[in-house]
Structures are given as C-alpha cells and as structure tokens.
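Going by the working numbering, the sequence shown runs without a break in its numbering and finishes at 289. Every residue, glycine too, gets a C-beta built ideally from N, C-alpha and C. These numbers were taken from a predicted model, which means no experiment stands behind them.
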Amino acid sequence: MLAVLAIHSLLEYPLWYLHFIGVAAILLGALDAGAHRLELRGVGRLSVAAILLLGALSLFQGLQAYRHLESATNMRGLAAKDARYGERARDELLETLKYPLFNGYAELFIAHMMAPDEDHLTEKLALNTRAVRYIPTAIVSYHQAYLQALSDQPQAALDMLEKAVWSYPGQYESARTEMEALAARHPAQFQPLLESAARNYEEYRRAAVPAR
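Here it is, written out as structure tokens:
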C-alpha cells in the first residue's frame with residue numbers, strides 16, 4: 078500500500094490521488110489489533126465537533142460545485158447545436174466560482190470559452206493567467222500569448238508562444254489560423270508572433286524527426 082502511495086506521488090498532480098491516503102488510513106485503523114481509548118475533554122470535544130462540521134460543510138460545497146460543473150460540461154457539449162446552451166453553461170460556471178474547491182476547473186472552462194480579443198482584456202488576461210498556472214492546456218497556452226500581445230507585453234507573448242508550440246505542436250496549424258485572423262486586425266502585435274511561431278515549429282520538426 079505504501080508503494081502504491083509512493084508511485085502515485087510521482088505523478089504530475091499527486092493530490093488528485095489523495096483519496097488513496099484516506100483508504101490507507103481506514104485500512105490501517107481497521108486492521109489495528111490494539112485497543113485505544115481517546116479521552117476528550119471540553120476543548121477536545123469542541124475541536125472534534127468543529128472538524129466534523131467543517132468537513133460536512135466542505136462536502137456540501139464540493140457536491141454543489143461538482144453539480145454545477147457537471148451541468149456546465151453537459152451544456153457546453155450541446156452549445157454547438159444551440160447557442161442558448163452556451164449561455165447556460167456560462168451561468169453554471171459562474172455559480173461554480175462561488176465554491177473554492179472547484180474554482181480552478183471553473184476558470185479553466187471559462188478560459189476555454191473566451192475569445193482572445195481586446196474586449197475586457199485586463200480581466201481576460203488575469204483569468205487566463207490563473208488557468209495556465211492551474212492546468213496549461215493547449216488552448217489556454219496559445220491564448221495566453223495572444224492576450225499578452227494585445228496587452229503590449231511582446232516579449233512575454235513570444236516566450237509563451239514558444240512554450241506553447243513546443244508543448245502542443247499538434248495544435249500549431251489551428252493556432253496559426255487564429256493568429257492570421259488576429260494579425261489582420263493587429264499587424265504590429267501579431268506579425269512577430271506569426272514569424273516566431275513558424276520558426277519554433279520548424280525547429281520542433283527538425284528536433285522531433287531524427288536525421289537519416
């Protein structure tokens with residue numbers, strides 16, 4: 078059991094497997110043959126009651142947030158057929174933001190739905206930055222570079238775009254299409270990104286394909 082816990086701790090997000098620790102704790106307690114009696118006085122009883130109350134509150138909030146997030150995921154899948162589902166998905170995600178346990182997931186979903194343009198640019202960049210730090214998916218990674226370019230952060234945008242191209246080369250073609258559309262409206266900000274992305278992609282291809 079300890080070996081399983083150790084192996085899972087080597088993964089990218091070990092806290093995703095925290096439930097293994099709960100199972101281990103229950104089994105260790107159930108298999109313990111010794112007899113133990115915990116004497117709780119006034120402060121101890123209040124502490125246990127507070128812990129149980131906080132645990133129940135966290136469980137309730139987690140369930141509520143999960144339901145909103147699940148509903149948003151389902152609505153998002155239907156949004157391609159009916160735009161009204163997209164609005165309902167956004168409403169569900171905004172409800173999820175009220176519960177801290179699933180804030181990161183909610184912001185990640187919102188970042189995926191945002192258009193990388195200059196409308197509400199400051200708020201979009203702040204939210205997308207948090208999403209990138211939480212789980213740097215292909216969409217939020219490329220969009221981070223676009224939003225930084227629009228925010229007059231050219232060097233940060235170039236650095237982020239290089240990381241995105243090398244991390245997600247499979248999404249380069251769709252990203253190039255997005256950048257070409259943005260370059261038509263903002264040539265000064267996005268023409269350097271287009272050229273840099275093309276160089277980085279060629280460097281990746283040369284590095285990924287071994288010489289014969």
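Let me know the secondary structure DSSP gives A110 once reduced to three states.
-> coil
When you compare only the Cα positions, how much space is there between Y245 and A107?
-> 46 angstroms
Within this structure, are the beta carbons of M190 and R165 separated by less than 8 angstroms?
-> no
What's the gap between the Cα of A127 and the Cα of L134?
-> 10 angstroms
Provide the residue span of the alpha helix (DSSP H) that contains R207, from first to last.
-> L198 to Y211
Give the range of the alpha helix (DSSP H) segment to which D308 is assigned.
-> This structure gives no information on residue 308, because the portion of the chain shown stretches from 78 to 289.
Check whether the Cβ of Y143 lies closer than 7 angstroms to any heavy atom of the ligand SAH, and answer yes or no.
-> Only the bare structure without any ligand can be found here, which leaves the ligand SAH out of the picture.
Please work out which residues of its chain come closer than 8 angstroms, Cβ to Cβ, to S273, disregarding the five sequence neighbours upstream and downstream, and give them in chain order.
-> L235, L238 and E239
So the alpha helix (DSSP H) R283 belongs to, where does it begin and stop?
-> P264 to A285
Find out if the Cβ-Cβ distance for the pair A188, L204 is shorter than 8 angstroms.
-> The answer is yes: Cβ separation under 8 angstroms.
Which value, in whole angstroms, describes the spacing of the CA atoms of P177 and Q138?
-> 8 angstroms
For the putative contact between Y19 and L259, defined by C-beta atoms under 8 angstroms, what is the C-beta separation to the nearest angstrom?
-> Look at the range of the chain in this structure, 78 to 289, and you will see that residue 19 is not part of it.
Under a three-way DSSP split, which group does E116 fall into?
-> coil
From which residue to which residue does the alpha helix (DSSP H) around Q221 run?
-> Q221 -> alpha helix (DSSP H) spans A215 to L227.
Where S148 and R283 are concerned, what is the direct C-alpha to C-alpha distance, given to the nearest angstrom?
-> 43 angstroms
Can you tell me which of the three DSSP states E195 falls into?
-> coil
Just the C-alpha distance for D229 and G99, rounded to the nearest angstrom, thanks.
-> 48 angstroms
Which residues in the same chain have their Cβ closer than 7 angstroms to the Cβ of I216, if we skip the five residues on either side of it in sequence?
-> H189
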